[in-house]
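> Sharing a structure below in structure tokens format, with a few things to ask.
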Amino acid sequence: MSRVRLGLAGVGELGSFHAQNLTRRVALADLVRVVDQSEEAARATGNRLGVDWSTSYGDILDDDSIRGVVIASSTSTHSGLIQEAAAAGKHVFTEKPIALELQATVDAIEAARSAGVKLQVGFHRRFDPDFEEVARRVHAGDVGDIYFLRLAHRDMTPPIPGTYLANMGHLFVDATIHDFDTVLWLGGGVKEVAAYGASVVDPQFAKTGDADHAVVIVRLAAGGLCVIDNSRSAGYGYECALELIGSSAAARISNGRQGQLEWLSTGETRAALPSDHTTRHPLAYVRELDAFVRTIRDDAPSPVPSERGLEAFQLTQLALHSLREGRPMSADGLIRSGDATGEPARDVPSAHPA
Ligand SMILES: NC(=O)c1ccc[n+]([C@@H]2O[C@H](COP(=O)([O-])OP(=O)(O)OC[C@H]3O[C@@H](n4cnc5c(N)ncnc54)[C@H](O)[C@@H]3O)[C@@H](O)[C@H]2O)c1
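Here the numbering used here is used: the first residue of the sequence shown is 1, the next is one more, and so on.
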């Protein structure tokens, strides 16, 4: 069983978590180098995990033994790093979104395509066992026609506004993109998007043109309706939940608790909640990297190819348009979902225990 040597760029909050998963939980991966523009960040993660580290991305690209790169740097850097990796013949797993602008998204996809390298997008929810099972049942026809889909996706605490918008993008691009991908995955094509946003947590979000809360209504091409609600500051914890009502069955994925302990006292019950995306979906983050490594080893099609990133990104732009124009926007002719048009089912191996 051959192992796959990887490099990782960007070891901030999520990149250091990916690095830890790659060294401890993804059986076929050999993480040989982490890089970050911050020497402190690169050194801290490299030393903690016993992996070579440096501040130069070129150190990954120049290493012929490295077959793939995991990109978890600030979003504004993704497209350039993807194009450089493609030119060096490395397969790429990139965190979402592929870029902050449409042209940069297309450029990255084209670079990977013409270099013949894989470009997997970090839509981790597709590897969450509950979401995966709902998708399997939807695609098998068990739900029937989708009447209504509700997605709740909320962060516990907001990011520090400042340069966040320039580095990571508007709420729709940074967070709602996961929900748009879920809508396309489960619901197929989209007909219309109506988006509403509010900046009620920190006036800085409003000043920079961002939002900290949003509701997005999506009309599915097949006729059903979808409501997405996002918060950057839910306070009580991190939430990612789903409710789906169909003509044959309904499904619900509740947010879940952190651990199994329930504390009961007169008239109330208490349980811990997930505080962020990594505690809400720990297995999904391992499984998406496991799948990336296996597609390199087996030269198999990517389970979340770059087109999925482009489609979801287009919906973020439509939502922004709707927010700014104050009216629903038609998606006619814009979105084609491979999932809805009979994309073959993928085979994702189970994760390996810690
Ligand atoms: N899939 C998910 O659930 C999920 C969750 C959180 C973040 N993300 C994505 O992951 C990415 C990183 O987010 P984060 O929260 O870890 O951000 P972060 O700010 O904590 O970390 C970003 C890191 O990238 C480094 N960096 C910036 N430019 C670089 C460059 N050119 N080369 C190398 N390193 C560079 C920074 O120094 C920093 O250490 C973002 O694209 C974000 O959208 C995805």
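We put the beta carbon where it would ideally sit given N, CA and C, even for glycine. Just so you know, these numbers come straight off a predicted model, no measurement behind them.
#1: Three-state secondary structure (DSSP) at tyrosine 196?
#2: Report yes if the CB atom of alanine 318 is closer than 8 Å to the CB atom of alanine 331, and no otherwise.
#3: Go through its chain and collect everything with a Cβ distance to aspartate 130's Cβ below 7 Å, but skip five positions before and after it.
#4: How is the alpha helix (DSSP H) around glutamate 95 delimited, first residue to last?
#5: Going by alpha carbons, who is nearest to tyrosine 164 out of Ser73, Ala291, Leu273?
#6: Mind checking which residues open and close the beta strand (DSSP E) that includes valine 201?
#7: Measuring from the CB of glutamine 37, is there a heavy atom of ligand 1 at a distance below 7 Å?
#8: Could you give the distance in angstroms between the alpha-carbon of lysine 207 and the alpha-carbon of aspartate 36?
#9: Is any non-hydrogen atom of ligand 1 found closer than 7 Å to the C-beta of lysine 96, if you look at the structure I gave you?
#10: Does the distance between the C-beta of threonine 182 and the nearest non-hydrogen atom of ligand 1 fall short of 7 Å?
#11: Output the boundary residues of the alpha helix (DSSP H) element that contains isoleucine 60.
#12: Alanine 241 by DSSP, collapsed to three states: which one?
#13: How about the region 199 to 218 and the region 165 to 172: do they share at least three Cβ pairs that are nearer than 8 Å?
#14: In whole angstroms, what separates the C-alpha of arginine 5 from that of valine 70?
#15: Report the three-state DSSP secondary structure of serine 74 (helix, strand or coil).
#16: Can you check whether the CB of isoleucine 296 is closer than 8 Å to the CB of glycine 68?
#17: What's the call for glycine 7, buried or exposed, on a 16-neighbour Cβ count within 10 Å?
#18: Whether or not the region 259 to 275 and the region 187 to 197 are in contact is what I'm after, with contact meaning three or more pairs of Cβ atoms, one per stretch, closer than 8 Å; do they touch?
#19: What residue from Asp229, Ala99, Trp185, Leu149 has the CA that sits closest to arginine 136's CA?
#20: Apart from the five residues just before and just after alanine 177, which ones in its own chain have a Cβ nearer than 7 Å to its Cβ?
#21: Give the DSSP-derived three-state secondary structure of aspartate 332 in the structure shown.
#22: Between Ala175, Thr157, Val143, which lies nearest to leucine 100 when the distance is taken from Cα to Cα?
#23: Please look up how many angstroms separate the CB atoms of glutamate 288 and glycine 122, rounded, as I've assumed it's under 8 Å.
#24: Please say whether leucine 149 and glycine 187 have beta carbons closer to each other than 8 Å?
#25: Is glycine 246 close to ligand 1? I mean its beta-carbon at under 7 Å from any heavy atom of the ligand.
#26: Helix, strand or coil for isoleucine 296? Go by DSSP, reduced to three states.
#27: Quick one: what does DSSP say histidine 170 is sitting in, helix, strand or coil?
#28: Take alanine 221 and list the residues in its own chain whose beta-carbon comes closer than 7 Å to its own, dropping the five residues that flank it on each side.
The answer reads as follows:
#1: Residue state, collapsed to three classes: strand.
#2: A small fix is needed here, since residue 318 is leucine in this sequence, not alanine. With a cutoff of 8 Å on beta-carbon distance, leucine 318 and alanine 331 are scored as near each other.
#3: The residues are Ile253.
#4: Taken as a continuous stretch (DSSP letters only), glutamate 95 belongs to no alpha helix (DSSP H), as it is neither H nor E.
#5: Closest option to tyrosine 164, Cα to Cα, is Ser73.
#6: That residue, valine 201, is in no beta strand (DSSP E); it is neither H nor E in DSSP.
#7: Yes, Cβ of glutamine 37 sits closer than 7 Å to a heavy atom of ligand 1.
#8: Going by C-alpha positions, lysine 207 is about 30 Å away from aspartate 36.
#9: Of the heavy atoms belonging to ligand 1, at least one sits nearer than 7 Å to the Cβ of lysine 96.
#10: At a threshold of 7 Å, threonine 182 does not count as near ligand 1, since its beta carbon sits no closer than that to any of the ligand's heavy atoms.
#11: According to the DSSP assignment, isoleucine 60 belongs to the alpha helix (DSSP H) that extends over 58 to 61.
#12: In this structure, alanine 241 counts as strand in the three-state DSSP scheme.
#13: Between the region 199 to 218 and the region 165 to 172 there are three or more C-beta pairs closer than 8 Å, enough to call the two in contact.
#14: Distance between the alpha carbons of arginine 5 and valine 70 is about 11 Å.
#15: Residue state for serine 74 is assigned as coil, using DSSP reduced to three classes.
#16: Cβ distance < 8 Å, so glycine 68 and isoleucine 296 count as in contact.
#17: With 16 or more neighbouring CB atoms inside 10 Å of its own CB, glycine 7 falls in the buried class.
#18: Between the region 187 to 197 and the region 259 to 275, the count of C-beta pairs closer than 8 Å stays below three; the two stretches do not touch.
#19: Relative to the Cα of arginine 136, the nearest Cα in the group Asp229, Ala99, Trp185, Leu149 belongs to Trp185.
#20: Per the sequence shown, the amino acid found at residue 177 is isoleucine instead of alanine. Counting only Cβ-Cβ distances below 7 Å, and skipping sequence neighbours, we find Lys96, Pro97, Ala312, Phe313, Thr316.
#21: Here DSSP, grouped into helix, strand and coil, assigns aspartate 332 to coil.
#22: Out of Ala175, Thr157, Val143, the CA that lies nearest to the CA of leucine 100 is found in Ala175.
#23: Taking 8 Å as the upper bound for CB-CB distance, glutamate 288 and glycine 122 are in contact here, some 6 Å apart.
#24: Contact flag set, yes.
#25: No; taking the cut-off as 7 Å, the Cβ of glycine 246 has no heavy atom of ligand 1 nearer than that.
#26: Three-state DSSP puts isoleucine 296 in a helix.
#27: Looking at histidine 170 - three-state DSSP - the assignment turns out to be coil, as it is neither helix nor strand.
#28: The answer, listed in chain order, is Gly188, Gly189, Val190, Lys191.
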